[in-house]
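Enquirer:
In this note's numbering, the protein residues as written are 11 to 358.
1. Evaluate residue 12 with the Cβ neighbour count: other Cβ atoms within 10 Å of its Cβ, from every protein chain shown; 16 or more gives buried, anything less gives exposed.
2. Between residue 153 and residue 71, is the Cβ-Cβ spacing less than 8 Å?
3. For residue 83, count neighbouring Cβ atoms within 10 angstroms of its own Cβ and tell me buried if that reaches 16, exposed if not.
4. For chain D, check one thing: does any of its Cβ atoms lie closer than 8 Å to the Cβ of residue 327?
5. Which stretch, first to last residue, makes up the alpha helix (DSSP H) that contains residue 75?
6. Can you tell me whether residue 317 is helix, strand or coil according to DSSP?
7. Which runs of the beta strand (DSSP E), 3 residues or longer, sit entirely within the stretch 213 to 295?
8. From the DSSP output, read off the bridge partner residues of residue 89.
9. So residue 335 and residue 233 are supposed to be a Cβ contact under 8 Å. How far apart are they, rounded?
10. Per the contact definition of three or more C-beta pairs closer than 8 Å, is the stretch 98 to 107 in contact with the stretch 220 to 237?
11. Leaving out five residues before and five after residue 168 in sequence, what residues of the same chain have Cβ atoms less than 7 Å from its Cβ?
12. Just reading off the alpha helix (DSSP H) that residue 341 is part of, what are its end residues?
13. Since I believe residue 14 is in contact with residue 121 (beta carbons under 8 Å), could you give me their beta-carbon distance rounded to a whole number of angstroms?
14. Could you check where the alpha helix (DSSP H) with residue 39 kicks off and where it finishes?
15. Is it buried or exposed, residue 52, if we count other Cβ atoms within 10 angstroms and call 16 or more buried?
16. Taking its Cβ as the centre, do 16 or more other Cβ atoms sit within 10 Å of residue 43, making it buried, or is it exposed?
17. Of all the options 28, 346, 178, which has the alpha carbon lying nearest to the alpha carbon of residue 199?
18. Verify whether the separation of the beta carbon atoms of residue 259 and residue 176 is less than 8 Å.
19. Starting from the C-beta of residue 38, find all residues in its chain whose C-beta is less than 7 Å away, skip the five residues before and the five after it, and write them out in chain order.
20. How big is the Cα-Cα spacing for residue 242 and residue 19?
21. I'd like to know if the stretch 216 to 225 and the stretch 349 to 358 are in contact, where contact means that at least 3 CB-CB pairs between them fall below 8 Å.
22. Round the Cβ separation of residue 197 and residue 248 to the nearest angstrom and send it over; I've been treating them as touching at under 8 Å.
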């Protein structure tokens, strides 16, 4: 089974000036270097973005915020908050990332293969009006890539879309955008106590969407065994209950033990495990309809985790083998989350 990878060199045009920012073009350069190192680009289909839709940001964000980003970008490089920057190309590049994400749906339907969207800037912290759910900043994000894709899937008639966010930081923007949308089931596993400070197990959605926003906050030090326990005992049963028409992955690689912005102990083997299991579930429940969109990852997580993610989707052995880590048990948080969500989903 081949995997379609969406990438465009224009994603490198969004960059900071003056000093090295964690969210820099080097992230994608390292990702591509890793794909070349393991001959992945020779084996799989790499597709450039063949269009650019400047209207897409308005599908998930307030018009005032989108116009604000457009105006600030036109002025050249500067910071729009304490940790997020724009330059003269940012509006174009962020809109291109949205376009690539929507294009992934068309590629998946045309080819019948899983798609990985290799984009930047990341998106899951970007909410309706910019920073989301009271967060102090946008967390390096501009527009929400996974959200515009999920919106498109709902628009064309898919009834239930699962977004699994595996980035170490809570996807507060995605949760905010779909807070009242019951057709989008947002499952978010993240490190508790770090930016953006949201993602409590009691943040469940509003109105008819109550119970469709499911958060799994893990303590710092969580390891491969922690993540596997959560998947086997909580995430997989949840997705089985939902019976989605589509599975989307907010693919963050900052859970890796090398990442300087987090305190988790995950190896490349966990990314392999998650992607392999998710594609098996997608094949069983929704004709293999699965798309992954890149989020964070600021060290070796991308260069080691991305090749393993692609290998898993292609039903190959992992390209990167790291000694698996063992540490904190997930039993307590699994039981806490089950107690809360059992009002909405039968996980027994």
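Ideal Cβ placement from N, Cα and C applies to all residues, glycine included.
Expert: Reading it off the structure:
1. The residue given as residue 12 occupies position 2 in the chain shown. Classification for residue 12: exposed.
2. For the purposes of this step, residue 153 is identified with residue 143 of the chain shown, where counting begins at 1. For the purposes of this step, residue 71 is identified with residue 61 of the chain shown, where counting begins at 1. Yes; because the gap between Cβ atoms is below 8 Å, this pair is in contact.
3. Here residue 83 is taken as the residue at index 73 of the chain shown, counted from 1. By the neighbour-count rule (16 or more Cβ atoms within 10 Å), residue 83 is buried.
4. Judged by its chain identifiers, the structure shown contains no chain D, having just a single protein chain.
5. Here residue 75 corresponds to residue number 65 of the chain shown, with the count starting at 1. Residues 73 to 84.
6. One-based indexing of the chain shown puts residue 317 at position 307. Three-state DSSP puts residue 317 in a helix.
7. 223 to 228, 256 to 261
8. Position 79 of the chain shown holds residue 89. DSSP lists 95 as partners of residue 89.
9. Residue 335 sits at position 325 when you count from the first residue of the chain shown. Residue 233 sits at position 223 when you count from the first residue of the chain shown. That belief holds up - the Cβ atoms of residue 335 and residue 233 are roughly 4 Å apart, short of 8 Å.
10. no
11. Translated into positions along the chain shown, residue 168 becomes position 158. Closer than 7 Å at the Cβ level, and outside the excluded window around residue 168, lie 255, 256.
12. The count along the chain shown starts at 1 and reaches residue 341 at position 331. That run of the alpha helix (DSSP H) goes 341 to 351.
13. Taking the first residue of the chain shown as 1, we reach residue 121 at position 111. Taking the first residue of the chain shown as 1, we reach residue 14 at position 4. Residue 121 to residue 14, Cβ: 6 Å. Contact.
14. Your numbering for residue 39 matches position 29 in the chain shown. Unbroken alpha helix (DSSP H) run through residue 39: 36 to 47.
15. The residue given as residue 52 occupies position 42 in the chain shown. So residue 52 ends up on the exposed side.
16. For the purposes of this step, residue 43 is taken as residue 33 along the chain shown, with counting starting at 1. Classification of residue 43: exposed, given that the 10 Å Cβ count is below 16.
17. The residue you call residue 199 lines up with position 189 of the chain shown. Here the closest residue by C-alpha is 178.
18. Locating residue 259 in the chain shown gives position 249, where the first residue counts as 1. Locating residue 176 in the chain shown gives position 166, where the first residue counts as 1. Yes, the Cβ-Cβ distance between residue 259 and residue 176 is below 8 Å.
19. As a working note, residue 38 is residue 28 in the chain shown. Once the five neighbours on either side are set aside, the close Cβ partners of residue 38 are 21, 22, 128, 130.
20. Stepping through the chain shown from its first residue, residue 242 is reached at position 232. Stepping through the chain shown from its first residue, residue 19 is reached at position 9. Spanning the two alpha carbons is a distance of roughly 37 Å.
21. yes
22. Reading the chain shown from its first residue, position 187 is the one you call residue 197. Reading the chain shown from its first residue, position 238 is the one you call residue 248. Rounded, the Cβ-Cβ distance is 6 Å, consistent with contact.
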